[in-house]
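Chains as they are written, first to last, in numbering that gives the first Met the number 0: chain A, 0 to 414; chain B, 0 to 305; chain C, 0 to 305; chain D, 0 to 242.
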Amino acid sequence: MIRKASIALAAALTLGTQAFAADAPAEIKIGTLYASSGRYASISMPVHSALKLWVEQKNAEGGVYVKAFDKKIPIKLVAYDDQSNTATAATLYNQLVTQDKVDMLVADSGSVLTAPAVTIARDHKMFLFDQTGTGASFFSKDNPYIALMADPVSTIWPKPVADFITHDGPGLGIKKVAILYSTNEFTGTQANAVRKFIKDSGAPIEIVYDQGIPTETTNYTVIINNILAKEPDAVIHLGYAPNDIAFLRNVQDVGAKFKMLFCIYPGLETELLEKNVGAKGLQHVFTYVPPQELEYPVNFGMKMSDFKKAWDAKYKDGKIEFGFNSVAGYTTALVLEKTLSVATSLDRMELRKAVFSLSGKLKTLDGTFALDEMGGQIGELTPLGQLELNEHGHIKFVSIYPHETATGKPVYPRP
Amino acid sequence: MLYPLVAGVLFGLYFSLVGIGLNLVFGVMRIVNLAHGDFLMLGAFVAFGIYTAAGLDPLVGIPVAFALFCVAGLLLYWVLVPRLQRARDPEMLSFILFFGFSQVIEALTTIVFGTSERSIPSRQLASSLAGIRASLFGGEATNGPFRIFGLSFPASWVVAATVSVIAIICVYLYLYRTRLGTLTRAVMSRRDEAVATGINVDRVSAAAFGIGLGLAAVAGVFAPFMFGSFTPAFGIDATVTSFVVVVLGSLGNPLGTALGGVVYGVSYMLVQTYLSSWADLLPYVLLIAILLLRPSGLLGRRVRVA
Amino acid sequence: MPDTLRHYLIIAVPLLIVMAVLPSVYSNHLLLFNFVIFFILAQGVNIIYGFTGYLPFGYVGFFGAGAYGFAIMVMHLNAPAPLAVLVGGAVAVVLGLILTPLLRLAGAYFSIANLAAALAVLHLVANPALEQITKGPYGVALNGTFNPTMAYAGGILILALTLGIVVYLKNSSFGLALQAVREDSFSASMSGVNVVKMRTVAWLASALVAGLAGGVFAWYVSVFYPDNVFSADFSIFAIVFALFGGVATISGPLIGVIILYGIYNLIGFTTPQYFQLIYGLLIMALVLFLPAGLVSLATRRGWYVP
Amino acid sequence: MSPEPERLLEVSGVVKRFGGFHALDGLSFHVSPGEILGLVGPNGSGKTTAINVISGLYAPDAGSVSFLRSPVGGMASHKLVHLGINRTFQVPKPFMSLTVKQNVEVAHTYGNASDKALPMADLLERFHLAEVANRPASDLTNVQQKTLDLVRALATQPKLLLLDELAAGLNPTELDWIAGEIKTLAQSGLAIIVVEHLMGFIEQITDRVIVMNAGKEIFEGTLAVAVTVPEVVEVFLGGEHAA
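Now the structure itself:
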């Protein structure tokens, strides 16, 4: 039944595009979900807000160019609130596909809320634009209906960190490493990757502490003390934003001195972390250098500074943070726009072909868009950087590794 | 070994404060306040507001939050509870009612404040006392780490634990040294007999409800420091942990809650040290074990079984 | 028993037929499937709460255990999906057996302990130490069993089983004895009812249907994380739906699901913003004004509601 | 009557402790079929505890309870019901949301201790509950709830019936009526133990009384004799003062 319906739908669409190019739809329907409340709200809202910003901007210009109909068509964003509830998310994804019959399906943010969409897209043979669901299990050779837009897959994301430690570390005196991670898919996979990269490198690096702790952990005082007891030269903490906030605050509160300290979110959600941890607490912390610090050369869409301006103009109240996730949402939007401009029809395989044709060519404010054969994002790799204070006492990024893009030397040990 | 023990005691004392309001409300009215954690969250917003709007020491938030939520509790009591007490199974219904209420609180807070994490810089807490501390213990007039047995702990933990101890003593004095408190204890141990002897149960209960919410809000003032940050969604976890602490101790006994908090805190820190990834299993296992093996709690006498 | 037959004919059979036919006229099959799941879960809550008075706040534990039972059978033993669903049910029953001591607790204590138990199972399943067995926090992606049509059909069968159990309870002396246990366990045992055995049977029946539902849910969605199938929302929704309609009846929980889950989805589709708020207010209004559920509007007038 | 009638229930040396408090401290007595035995004593002397132990609510900590010559101490209540022991509660505990008929039906179905069928309708009629048979038990008056509790017990066709303050709260007419019914039940061969504060009522119906104090018996015989024993009188007066 379901299959029949979707084949009919696909057939109708193909027919429409080929035979009657003049019969263009009045609008292109893009279906997505967001979480206005609950656990994933803080990562979902910035992504979704960026998508909305793009839709508004494009519709003000009369829509986006759609190659299949060779004209500009306005976009209709069909968005439902899943409240961070995955069962609700599942029915809503299905609603988008079966009732609203959206032309393009975009997942909610994060792996947990993306998971239901993966099955549904596959079932309905609908191509899924996965924004930030980096879960390794989504991407397999037998599932052609997915591509990851904005974040690198978790298995390669931390490569620059591991490379820095194994290549430059021994020279700086880094011999002992501690890994502390939250036991969820996102950070757990990154921890596995770091461990593997370090072990496979053959570098003289010893992992002296390697512990997973529950994602709900909000105090690290005792753990920090335990790590200190192992006297590591570098500490890699992999957790979500609330974990990073609590961890970095506790490091300050107990006055722990780590020679090198890496955390994910000071780079990804710098505004949020600076508000919560304070600039001093972030000083000399190693992190990913987010695209908004890099001003990647752009061949499509707004560049970072323009995007930031547009964002500040639209979201004045500051309730939704500008940061990595908002860039991710906008990147997804750009991929959608570019895809429409090259796809010869809205058929799923054509959409897939179009998305993959962008790989390596599309350069957005998020870096170079590049996919592996299974749809995992392997471009847009975030370099390793270090946070320093500028003359006004505000946070600035110094890109450290890889050397090609480096803007400074690491401060090691952290004073 | 010493470090997790001391940290566990400090952390646990704070959790006694987190749980004590729930204990009062449940003990007196047999009302299960599933929105307890949400009042904690609102207390955190009070502290946050005081700090961001007026730049004041979050400690100022303690009397403000307490007064505000005491009054809110009294109002809420008169609106909700009498209706509930007339029902056949008030305990079970209150469970559901306050679940609905916690949803409403979370939704409204989210609508007003958004979903991002918020916090207050650690050095702001007790900033007004830093000078006093410097003169007493020496050192600079800042809130650097606090040293106990030569080990350093976050100053905010020490402040939170101290306030918790003071709060527990106050509750103890209220229950054992004031008339209203004595009546409260009477209602706790035998509600029907208390009614029969002509105690104004409504007045006693309303007071307990107000004080219970007030204490939750006071605990909330420290939430930004103890949990790193807070969001409108953090209430439910706090509620469950509060239950663990309250059940570990025992109903109606503030000292029991203090003991429950410390036992929870110390065992949490020990598990975190030796079996890190299992730390979150601990509160639940503790709760089930204590309910099955000693349902009256560590200090309790009353047995509650089917 | 003519009543039994009548209940099958006027409630169970029509509902099953409608749910079986709907997919051919309405294409959001997953929404229909979720309706089936919630029919099952709300009736499962009815079995244990409506007939014996234990409010299972951690009911999702059985659901999640069933889902993981299914996943483990498929991942490690390449079991055919229907067999794996049965194993899911069996896993839930085993969990139910392990948790039978909880039935010694009364009222809110039981509910809280049950919630703690569900969270404990979640943290156990999601622990990376068990990655070899459960895939820990990294989530399950099942290959080779995906078949929404069959999974939906399986859901209908489980719903039929569940309705069968509830109709039996409503019309048999066994069900009457259970209600007697709920009302007063002392009087029930002095009526010759083996209280412990009776409520254990009801508890396990309730666990079984939730486990089967979890298994079939896992079959349908195929890709999931521990957080998905252990989400507290399942317990909460099932309880609220059952209570809203009215427990200890056959029709009450069904009406509850149709109305509330219907509204939930309608609000979700049209005005998403204030979703949680409206829902919370609805729950509060229910407790304050209609504590015995919607069906009490009819029973108050002396009408019989099956 | 034969000089030594068969003993239906034999309680000997039963001890029941709650924490350090000895609610029963070596209680011994017996009761025979067709006999009405009164259990009297001041508040806290352990009468209700004795009933609770015999009906299986509590297991005795020491001593033995035997019924029809086999030990039953610590046996689960529902099994005792099947053997033929039943009771009423001081505060009646009907199944509030079930109808009167359903209340009796549960006991009738699950607790029947006899092979003979017992027509439920007759029972309801006899205890004036027929007209409210289809009303929920929560609608009944306190006295009706007490009678329902009794009917519920009788529906299991017990051989031994324990009545815990059944008479409290009844008016004189009701008292006479219920006394008559109890006597009729005893005449049919049922052994009955009555715990009661109303001495007139005890005098009216019992064949024999056990006077209890501090968890054990201090007198056994008729009430008329009991009031002449100084020890008994002292206990009661002391008890009155304390109360």
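Here a beta-carbon is modelled for each residue, glycine too, at the ideal position from N, C-alpha and C.
Margin query: Helix, strand or coil for S205 of chain C? Go by DSSP, reduced to three states.
Written below: helix
Next item on the list: Would you verify that the beta carbon of E55 of chain A is, or is not, closer than 8 Å to some beta carbon of chain C?
Entry: no
Next item on the list: Give the single residue among D:N85, D:F20, D:G19 whose Cα lies nearest to the Cα of I50 of chain D.
Entry: Shortest Cα-Cα distance from I50 of chain D to any of D:N85, D:F20, D:G19 involves D:N85.
Next item on the list: Say whether chain B places a C-beta atom closer than 8 Å to the C-beta of E320 of chain A.
Entry: So yes, E320 of chain A belongs to the interface.
Checklist line | T177 of chain B burial status per 10 Å Cβ neighbour count (16 or more: buried) | finding: exposed
Item checked: Sequence-distant residues of the same chain with beta carbon closer than 6 Å to G49 of chain C, five excluded per side -> Within the same chain, G49 of chain C has close Cβ partners V246, A247.
Note to self: At the level of alpha carbons, what is the spacing between G113 of chain B and Y264 of chain A?
What the structure shows: 19 Å
Next item on the list: Could you list the residues in the stretch 268-298 of chain C with a C-beta less than 8 Å from some C-beta on chain D, going in chain order?
Entry: none
Checklist line | alpha helix (DSSP H) segments (min. 4 residues) lying fully within the stretch 156-222 of chain A | finding: 158-162, 168-171, 184-200
Next item on the list: Name the residue from B:L96, B:M40, B:P120, B:A71 whose alpha carbon lies nearest to the alpha carbon of R82 of chain B.
Entry: B:L96
Next item on the list: Return helix, strand or coil for D236 of chain B, following the three-state DSSP convention.
Entry: helix
Check: Roughly how many angstroms separate the alpha carbons of L149 of chain D and E180 of chain D, rounded to a whole number?
Finding: So the alpha carbons of these two residues sit roughly 11 Å apart.
Note to self: So if DSSP puts D80 of chain A in a beta bridge, which residue, or which two residues, is it bridged to?
What the structure shows: A:Y33
Check: G106 of chain C versus chain B: which residues are under 7 Å apart at the beta carbon?
Finding: E90, M91
Next item on the list: Between the Cα of P231 of chain A and those of A:M259, A:A89, A:H283, spot the shortest distance and give me the residue it belongs to.
Entry: A:M259
Item checked: Near-chain C residues of the stretch 385-405 of chain A - C-beta to any C-beta below 9 Å -> none
Checklist line | Partners in chain C for F242 of chain B, counting only beta-carbon separations shorter than 7 Å | finding: I111
Item checked: Near-chain B residues of the stretch 115-138 of chain C - C-beta to any C-beta below 7 Å -> Listed in sequence order: A115, A116, L118, A119, H122, L123, N126, P127, A128.
Check: Mapping DSSP to helix, strand and coil, what is A61 of chain D?
Finding: It is a strand residue.
Check: In chain C, which residues lie with their C-beta within 7 Å of the C-beta of A86 of chain B?
Finding: P290
Note to self: Across the stretch 345-364 of chain A and the stretch 136-147 of chain A, are there enough close Cβ pairs to call them in contact, namely three or more that are closer than 8 Å?
What the structure shows: yes
Notebook entry, point to check: Is there contact between the stretch 191-201 of chain D and the stretch 36-56 of chain D, where contact requires at least three CB pairs shorter than 8 Å?
Noted result: The stretch 191-201 of chain D makes contact with the stretch 36-56 of chain D: 3 or more CB pairs, one atom from each, lie closer than 8 Å.
Note to self: Along the stretch 98-109 of chain D, where does the CB come closer than 7 Å to a CB of chain C? Name the residues.
What the structure shows: Q101, E104, V105, A106, T108, Y109
Next item on the list: Could you tell me how far apart the beta carbons of S110 of chain C and F94 of chain B are, in whole angstroms, since I believe they sit closer than 8 Å?
Entry: Rounded, the Cβ-Cβ distance is 6 Å, consistent with contact.
Notebook entry, point to check: Excluding sequence positions up to five away, which residues of its chain have a Cβ less than 6 Å from the Cβ of G213 of chain B?
Noted result: F65, F68, C69
Notebook entry, point to check: Do you know how far the Cα of I257 of chain C is from the Cα of Q156 of chain D?
Noted result: 46 Å
Notebook entry, point to check: Is it buried or exposed for M0 of chain A, if we count other Cβ within 10 angstroms and need 16 for buried?
Noted result: The pLDDT assigned to M0 of chain A is 44, lower than 50, so where the model puts this residue is not dependable; a value taken from the coordinates is nonetheless given after this. Label assigned to M0 of chain A: exposed.
Next item on the list: From the DSSP output, read off the bridge partner residues of Q135 of chain D.
Entry: Going by the sequence as given, residue 135 of chain D is Pro instead of Gln. The partner list for P135 of chain D (beta bridge, DSSP) reads D:T98.
Item checked: Cα-Cα separation, A136 of chain D to S96 of chain D -> When only Cα atoms are considered, A136 of chain D and S96 of chain D end up about 6 Å apart.
Item checked: Chain-ordered chain D contacts of Q178 of chain C [CB-CB under 9 Å] -> F94, S96, L97, Q101, V105
Notebook entry, point to check: Which first and last residues belong to the beta strand (DSSP E) in which Y287 of chain A is found?
Noted result: 285-287
Check: Are three or more beta carbon pairs between the stretch 241-256 of chain B and the stretch 273-292 of chain B nearer than 8 Å?
Finding: yes
Margin query: Is G99 of chain B close to chain C? Criterion is C-beta to C-beta, closer than 8 Å.
Written below: yes
Note to self: Rounding to the nearest angstrom, what Cα-Cα distance links S340 of chain A and L269 of chain B in this structure?
What the structure shows: 59 Å
Margin query: Let's test the definition: count the other Cβ atoms within 10 Å of the Cβ of P296 of chain A and tell me whether it reaches 16, buried, or not, exposed.
Written below: exposed
Notebook entry, point to check: Taking Cβ positions only, does F185 of chain C come closer than 8 Å to chain D?
Noted result: F185 of chain C counts as touching chain D.
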